[in-house]
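Encoded as structure tokens, the structure appears first; notes follow it.
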Amino acid sequence: MGRLFVVNLEGKIYSCKHCRTHLALCEDIVSKSFHCRHGKAYLFNKVVNVSVGEKEERVMTTGMHTVADIFCVGCGSIVGWTYETAHEKSQKYKEGKSVLERYKVSGPDGSNYWVSHGAHIGGSDADDA
Ligand SMILES: [Zn+2]
Numbered sequence: 001m002g003r004l005f006v007v008n009l010e011g012k013i014y015s016c017k018h019c020r021t022h023l024a025l026c027e028d029i030v031s032k033s034f035h036c037r038h039g040k041a042y043l044f045n046k047v048v049n050v051s052v053g054e055k056e057e058r059v060m061t062t063g064m065h066t067v068a069d070i071f072c073v074g075c076g077s078i079v080g081w082t083y084e085t086a087h088e089k090s091q092k093y094k095e096g097k098s099v100l101e102r103y104k105v106s107g108p109d110g111s112n113y114w115v116s117h118g119a120h121i122g123g124s125d126a127d128d129a
């Protein structure tokens, strides 16, 4: 049994909805205008306490990206994805950054985000306005 090393964050924290493992800080949010299959998603400069899955090429609304899913180290549930490479020049800022799906995480005030009915968003990415 491997011992789990979990980083504790301080401040306004986004944490795993299932096991409360800290994942990211409010101040590290780059953009809140991302979308995933289930609704909103936020782009973070960095996330902690995640394990990274296999890289894959994914075609998103903003072009081809090399991404990998990220999983909570506490409970193993998928919480978002990370950008390894953005093939479009205009999307390069995403490289090395990670997206957390909003409905997978609890917000700084403990709030949960529920998928709003009527959200029909194709793809798993969005153009920043
Ligand atoms: Zn978890």
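If you're matching positions, the sequence shown starts at 1 in UniProt numbering and goes up one per residue. No residue lacks a Cβ here, since even glycine has one placed at the ideal position from N, Cα and C.
Quick check: what's the CA-CA separation for Cys36 versus Asp28?
One C-alpha to the other measures close to 19 Å.
Under 7 Å: does the beta carbon of Ser106 sit that close to some heavy atom of ligand 1?
Result no, Cβ not under 7 Å from ligand 1.
Whole beta strand (DSSP E) runs in the UniProt domain "Yippee" (12-109) with 3 or more residues, listed along the chain?
Runs found: 13-16, 22-25, 29-36, 39-44, 50-60, 63-72, 78-86, 98-101.
Let me confirm a value: residue 130 is counted as buried when at least 16 other C-beta atoms fall within 10 Å, else exposed. Which label applies?
Shown here, the chain extends from 1 to 129; a query on residue 130 therefore has no answer.
Can you tell me the Cα-Cα spacing of Lys55 and Thr82, whole angstroms?
Roughly 9 Å separates the two Cα atoms.
Gly96: beta carbon under 7 Å from a heavy atom of ligand 1?
Result no, Cβ not under 7 Å from ligand 1.
If we cut at 8 Å on Cβ distances, does Lys40 have a partner in chain C?
In summary, chain C is missing from the structure at hand, where a single protein chain is found.
His18: beta carbon under 7 Å from a heavy atom of ligand 1?
At least one heavy atom of ligand 1 is nearer than 7 Å to the Cβ of His18, so yes.
Should His18 and Leu9 be called a contact, given that it needs their Cβ atoms to be closer than 8 Å?
No; because the gap between Cβ atoms is not below 8 Å, this pair is not in contact.
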